[in-house]
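Residue numbers in the sequence shown follow full-length UniProt numbering, run continuously in steps of one, and reach 262 at the last position. All residues carry an ideal CB built from backbone N, CA and C; glycine is no exception. Each remark here refers to the structure printed beneath this line.
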Amino acid sequence: MKASDSSSKLILEQCRQTSFSTFLGAEGEWIMRFLLFPVSYYVGTLGTHTEIKRVAEEKVTLPCHHQLGLPEKDTLDIEWLLTDNEGNQKVVITYSSRHVYNNLTEEQRGRVAFASNFLAGDASLQIEPLKPSDEGRYTCKVKNSGRYVWSHVILKVLVKPSKPKCELEGELTEGSDLTLQCESASGTKPIVYYWQRIREKEGEDEHLPPRSRIDVQSIGMVAGAVTGIVAGALLIFLLIWLLIRRKSKERYEEEERPNEIR
Numbered sequence: 001m002k003a004s005d006s007s008s009k010l011i012l013e014q015c016r017q018t019s020f021s022t023f024l025g026a027e028g029e030w031i032m033r034f035l036l037f038p039v040s041y042y043v044g045t046l047g048t049h050t051e052i053k054r055v056a057e058e059k060v061t062l063p064c065h066h067q068l069g070l071p072e073k074d075t076l077d078i079e080w081l082l083t084d085n086e087g088n089q090k091v092v093i094t095y096s097s098r099h100v101y102n103n104l105t106e107e108q109r110g111r112v113a114f115a116s117n118f119l120a121g122d123a124s125l126q127i128e129p130l131k132p133s134d135e136g137r138y139t140c141k142v143k144n145s146g147r148y149v150w151s152h153v154i155l156k157v158l159v160k161p162s163k164p165k166c167e168l169e170g171e172l173t174e175g176s177d178l179t180l181q182c183e184s185a186s187g188t189k190p191i192v193y194y195w196q197r198i199r200e201k202e203g204e205d206e207h208l209p210p211r212s213r214i215d216v217q218s219i220g221m222v223a224g225a226v227t228g229i230v231a232g233a234l235l236i237f238l239l240i241w242l243l244i245r246r247k248s249k250e251r252y253e254e255e256e257r258p259n260e261i262r
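Put into structure tokens, the structure is as follows:
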């Protein structure tokens with residue numbers, strides 16, 4: 001019984017030591033991995049967010065920087081993804097196995113490329129020329145030997161207003177009310193409209209050129225209309241006064257005729 005008890009205690013002690021050693025080994029490996037993991041890579045996993053606004057037909061560079069290319073270039077992978085405003089995701093450009101693949105979508109074919117030396121740490125994306133369909137949320141993912149970084153860029157594409165279409169309502173005569181309406185069919189809102197008069201030559205009076213679309217509501221036009229109305233009223237008053245005077249003269253002549261000496 002004593003020999004059996006000693007054997008049992010020995011086996012139990014060995015099991016405890018083995019379990020404790022295994023526990024220390026797992027914890028030690030986890031701690032070592034945590035301490036050896038570069039701080040910059042850990043921060044990179046949190047991701048950076050940037051918002052960029054550019055006008056359509058121009059060039060834009062979406063930033064993405066890393067420190068994973070050296071010294072192991074063979075295992076470096078770079079991937080740019082686009083999530084459009086409808087939530088659809090597609091691959092824009094990738095680098096893998098020492099090859100660049102940039103003709104992955106029909107909409108951006110021939111317009112996307114790496115802006116700089118992506119192996120040296122600059123994986124920024126260049127798009128030229130910009131189109132409204134390029135708008136969305138871009139994600140840059142860089143991986144190398146189990147390490148990774150990523151960043152996010154929100155791109156907003158502004159569209160220039162198209163040539164406004166103008167219409168005129170009303171008659172182009174003095175004293176009449178006119179309404180001019182102008183609107184651009186396309187363009188990023190809000191669109192601000194400016195109205196101004198056009199002069200034929202410097203120093204000359206302002207006028208309305210043929211087929212123009214100008215605001216004609218001005219002090220000059222109002223003054224002209226008022227002057228015309230006043231002149232018309234004076235003319236009517238003068239005609240009425242002349243008629244009354246003539247009637248009075250005829251009545252006076254009729255009354256004087258019986259008193260004439262023949």
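- In angstroms, rounded to a whole number, what distance separates the CA positions of residue 144 and residue 113? 21 Å
- Query: For residue 163, which of helix, strand or coil comes out of DSSP?
  - Reply: coil
- Over what stretch of residues does the beta strand (DSSP E) that includes residue 57 continue unbroken? Element bounds for residue 57: n/a, residue is neither H nor E.
- Distance CB(residue 266)-CB(residue 58) smaller than 8 Å: Residue 266 lies beyond the residue range present for the chain, which begins at 1 and ends at 262; the question has no answer from this structure.
- Message: Please report the distance separating the alpha-carbon of residue 82 from that of residue 136.
- Response: 7 Å
- Select from 117, 156, 166, 249 the residue whose C-alpha is nearest the C-alpha of residue 68. 117
- residue 84 to residue 92 span [Cα, whole Å]: 12 Å
- Message: Applying the 10 Å Cβ sphere with the 16-neighbour rule, what's the burial state of residue 247?
- Response: exposed
- Name the two residues that bound the continuous beta strand (DSSP E) containing residue 77. 76–83
- For residue 111, which of 49, 56, 179, 76 has the nearest alpha-carbon? 56
- Query: Ordered along the chain, which non-local residues of its own chain (more than five positions away) have a Cβ less than 8 Å from that of residue 164?
  - Reply: 182, 183, 184, 193
- What is the DSSP secondary structure of residue 306, reduced to helix, strand or coil? In the structure as shown, the chain begins at 1 and stops at 262. Residue 306 is therefore absent and cannot be evaluated.
- Would you say residue 124 and residue 61 are within 8 Å of each other, going by their C-beta atoms? yes
- residue 115 classed as buried or exposed, judged by whether at least 16 other C-beta atoms fall within 10 angstroms: buried
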